[in-house]
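A short worksheet on the structure shown next.
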Amino acid sequence: GEIFDKVLGLELGADDYIEKPFSPSVLVAKVKANLAQYRRLAGLHHLSSKIVLGPITLYTDTRRVFSTGMKSN
7 GEIFDKVLGL ELGADDYIEK PFSPSVLVAK VKANLAQYRR LAGLHHLSSK IVLGPITLYT
67 DTRRVFSTGM KSN
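End of the sequence shown = 79 in this note's numbering, gap-free, step of one.
Next comes the structure, spelled out in structure tokens:
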């Protein structure tokens with residue numbers, strides 16, 4: 007079920023979970039929170055303008071996100 011999928015995803019290493027349909031403002035807030043946590047944990051004062059996380063590439067200077075190899079339902 008739905009709860010099992012959430013728990014399994016988190017146990018497999020996901021940092022967060024967002025349900026569909028979702029609000030774009032919630033997605034933006036979660037991305038900002040995760041980037042801030044990344045900065046804190048990495049001890050970075052300034053992030054590179056490009057961050058690659060598996061199939062996801064974030065361009066912080068233009069605030070664009072690209073994904074490769076992922077299918078959307």
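Glycine included, each C-beta is placed from N, C-alpha and C at the ideal position. Quantities reported herein were computed from a predicted structural model and do not represent experimental measurements.
Taking the beta strand (DSSP E) that residue i belongs to, which residues open and close that run?
i	result
K56	K56 to L59
S73	R70 to S73
Y65	I62 to Y65
Does the Cβ of residue i have 16 or more other Cβ atoms within 10 Å, making it buried, or fewer, making it exposed?
i	result
L18	exposed
D67	exposed
For residue i, which residues of its own chain have a beta-carbon under 8 Å away from its beta-carbon, when the five flanking residues on both sides are left out?
i	result
I24	V32, L33 and K36
K56	T63, L64, Y65 and T66
Spatial neighbours of residue i within its chain, please: CB distance less than 6 Å, with the 5 preceding and 5 following residues excluded, ordered by chain position.
i	result
K12	Y23
N40	none
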